[in-house]
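S.K.:
Protein chains in written order, with the numbering used here: chain A, 1277 to 1386; chain B, 206 to 317.
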């Protein structure tokens, strides 16, 4: 079974700070997705990265896919309370199933 | 509005009493799946379906059944629920296995 690890598991920061969360695996993925989940709701897609080394930006969020397509990072600039939530990465590898990491729970304090 | 719906949203039951959680999507997606989410363990896939009449086991299929008789519906069946199946369950759909998934709102199940 392919595994995805995420770090840190928990993160509590003040509004305005920057942060980076990581998603790592020993397996290669054909694509990797980041989702955000808020309490009482299902995960919602933020971005999909496909190409090794790819960088995508979504307003204050920057996503990077590792060159070897085994890892990814999510960087948030000037975090806001609205960024609070559970951030999940999910990998897909060559027709295999989706694999989710355990998530990083982010709390941004005003 | 494109969506995945699940019912019920909350369910309390007792050990051994059969239950079904329904899932329906209105996006004509081929791929559907069920997950359970437990603290510290993330989302674990129970079953998935590539298309009508095609289902396969995920990582944690024991104690669950599914069926895919129609493209839009993918019910999750617990024939004899046990307390270790207490969890938050999500149904998801996507156009294919290589694209991102749309998730339902979740069903919180408590088995006493």
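All C-beta atoms in this analysis are idealised placements derived from N, C-alpha and C, irrespective of residue type, glycine included.
Any idea what DSSP makes of residue 1359 of chain A, helix, strand or coil?
M.R.: Translated into positions along the first chain, residue 1359 of chain A becomes position 83. Note: residue 1359 of chain A maps to helix in three-state DSSP.
S.K.: Please return the same chain residues whose Cβ sits closer than 6 Å to the Cβ of residue 1331 of chain A, not counting the five positions on each side in sequence.
M.R.: As a position in the first chain, residue 1331 of chain A is number 55, starting the count at 1. Closer than 6 Å at the Cβ level, and outside the excluded window around residue 1331 of chain A, lie 1340.
S.K.: Taking beta-carbon pairs under 8 Å, can you tell me which members of the region 1314-1331 of chain A lie near chain B?
M.R.: Going along the region 1314-1331 of chain A in chain order, one finds 1316, 1317, 1318, 1319, 1320, 1321, 1324 with a Cβ nearer than 8 Å to chain B.
S.K.: Could you confirm whether any beta carbon from chain B is found closer than 8 Å to the beta carbon of residue 1350 of chain A?
M.R.: As a working mapping, residue 1350 of chain A is identified with position 74 in the first chain. Closer than 8 Å: no.
S.K.: Residue 310 of chain B CB to nearest chain A CB: under 8 Å?
M.R.: As a working mapping, residue 310 of chain B is identified with position 105 in the second chain. Residue 310 of chain B counts as touching chain A.
S.K.: Against chain B, which members of the region 1294-1308 of chain A pass a CB distance test of less than 8 Å?
M.R.: Cβ contacts with chain B come from 1306, 1307.
S.K.: Spell out whether any CB of chain B is found under 8 Å from the CB atom of residue 1341 of chain A.
M.R.: In the first chain, the residue the question calls residue 1341 of chain A occupies position 65. With 8 Å as the cut-off, residue 1341 of chain A does not count as an interface residue toward chain B.
S.K.: What are the complete beta strand (DSSP E) segments, minimum 3 residues, inside the region 1297-1322 of chain A?
M.R.: The region 1297-1322 of chain A contains these whole beta strand (DSSP E) runs: 1307-1313.
S.K.: Can you list the residues of chain B that residue 1364 of chain A reaches, using a CB-CB cut of under 8 Å?
M.R.: Counting from 1 along the first chain, the entry for residue 1364 of chain A is found at position 88. Chain B residues near residue 1364 of chain A: 247, 248.
S.K.: Per DSSP, which one or two residues make a beta bridge with residue 1384 of chain A?
M.R.: For the purposes of this step, residue 1384 of chain A is taken as the residue at position 108 of the first chain. Partner(s): A/1289.
S.K.: Let me see if you follow: with CB-CB separation under 8 Å, is residue 1292 of chain A close to chain B or not?
M.R.: Here residue 1292 of chain A refers to the residue found at position 16 of the first chain. No, residue 1292 of chain A lies away from the interface with chain B (no Cβ there is under 8 Å from its Cβ).
S.K.: Return no unless some Cβ of chain A is closer than 8 Å to the Cβ of residue 302 of chain B.
M.R.: Taking the first residue of the second chain as position 1, residue 302 of chain B is located at position 97. For residue 302 of chain B, the answer is yes, since a Cβ of chain A falls inside 8 Å of its Cβ.
S.K.: Using 8 Å as the Cβ pair cut-off and three pairs as the minimum, do the region 1375-1382 of chain A and the region 1354-1367 of chain A touch?
M.R.: Touching, yes, given that three or more Cβ pairs across the two stretches are closer than 8 Å.
S.K.: From the DSSP output, which residues share a beta bridge with residue 277 of chain B?
M.R.: As a working mapping, residue 277 of chain B is identified with position 72 in the second chain. Its beta-bridge partners do not exist; DSSP assigns none.
S.K.: Under 7 Å Cβ to Cβ from residue 1329 of chain A, same chain only, skipping five residues before and after it: list those, please.
M.R.: What you label residue 1329 of chain A is simply residue 53 of the first chain in a count that begins at 1. Once the five neighbours on either side are set aside, the close Cβ partners of residue 1329 of chain A are 1341, 1343.
S.K.: Quickly, what does DSSP pair residue 1330 of chain A with across the bridge? List them, please.
M.R.: For the purposes of this step, residue 1330 of chain A is taken as the residue at position 54 of the first chain. Bridge partners of residue 1330 of chain A: none, in fact.
S.K.: Could you name the residues of the same chain whose beta carbon sits closer than 6 Å to that of residue 1345 of chain A, not counting the 5 residues immediately before and after it, in chain order?
M.R.: Taking the first chain and counting its residues from 1, one reaches residue 1345 of chain A at position 69. These residues qualify, in order along the chain: 1304, 1305, 1328.
S.K.: Compute the Euclidean distance between the alpha carbons of residue 293 of chain B and residue 238 of chain B, then round it to the nearest angstrom.
M.R.: Numbered from 1 along the second chain, position 88 holds the residue referred to as residue 293 of chain B. Numbered from 1 along the second chain, position 33 holds the residue referred to as residue 238 of chain B. Computed Cα separation, rounded: 14 Å.
S.K.: Consider the C-beta atom of residue 272 of chain B and the heavy atoms of the ligand ZN; say whether any pair is separated by less than 7 Å.
M.R.: No copy of the ligand ZN appears in this structure; indeed no ligand is present at all.
S.K.: So, is the C-beta of residue 1361 of chain A closer than 8 Å to a C-beta in chain B?
M.R.: Translated into positions along the first chain, residue 1361 of chain A becomes position 85. Not one chain B Cβ lies under 8 Å of residue 1361 of chain A.
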